[in-house]
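Comments concern the structure below.
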Amino acid sequence: MNYVNIELDRPRRIRFDTNALCDAEEALGVGIGAMMNQQMGFRAIRALLWAGLRWEDRGLTLERTGALMQRYLEAGGTFESLAEAVTKALLASGLFRTSAGDEGNGEAEAAT
């Protein structure tokens, strides 16, 4: 499975599979396609980050994910780098095509 490394409270790996995407859709009440076709705000990035991190931390909650994001931002990280890491992980999953015939694959690195 493909993932993106990110430094939050500790080194973590964001990974998406169909179950993670279903979790994010359920948390947001909207399909992933609708999310991808609009500007994603804090709520969407928090839900996607939560869903993408749960494979290694099943006890992670949306609220705790928000706290991780808050500490990341207070330490000098940017919302844009969080959104970029989530987007890279979505593409690395291989579940989405970035262009005709091009699929995301392999391990990707994100801003730390």
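Heads up, the sequence shown stops at 122 in the working numbering, and the numbers go up one at a time, no gaps. Quick reminder that beta carbons are idealized off the backbone N, C-alpha and C, glycines included. Remember, it's a predicted structure, so these values are computed and weren't measured experimentally.
Rounded to a whole number of angstroms, what is the C-alpha to C-alpha distance between residue i and residue j?
i	j	result
Arg20	Leu63	12 Å
Gln48	Gly86	26 Å
Ile16	Phe89	13 Å
Leu92	Ile55	8 Å
Leu70	Gly51	20 Å
Met79	Met45	19 Å
Arg22	Glu94	15 Å
Leu105	Glu73	27 Å
Trp65	Glu84	26 Å
Tyr82	Asn12	23 Å
According to DSSP, what are the bridge partners of residue i?
i	result
Ile24	Val14
Below 8 Å on the Cβ atoms is my guess for residue i versus residue j; work out the distance and round it to an integer in Å.
i	j	result
Ile42	Glu35	6 Å
Arg53	Leu31	Incorrect: roughly 16 Å between the Cβ atoms, too far for contact.
Thr75	Leu100	Not really, about 16 Å apart at Cβ, beyond 8 Å.
Val14	Lys98	5 Å
On the DSSP letters alone, give me the boundaries of the alpha helix (DSSP H) that residue i sits inside.
i	result
Glu73	72 to 84
Trp60	52 to 63
Ser91	89 to 102
Look at residue i and residue j and say whether their C-beta atoms are less than 8 Å apart.
i	j	result
Ser103	Asp27	yes
Is the shortest distance between the beta-carbon of residue i and the beta-carbons of chain D less than 8 Å?
i	result
Ala57	Absence of chain D from the displayed structure is noted, only one protein chain being present.
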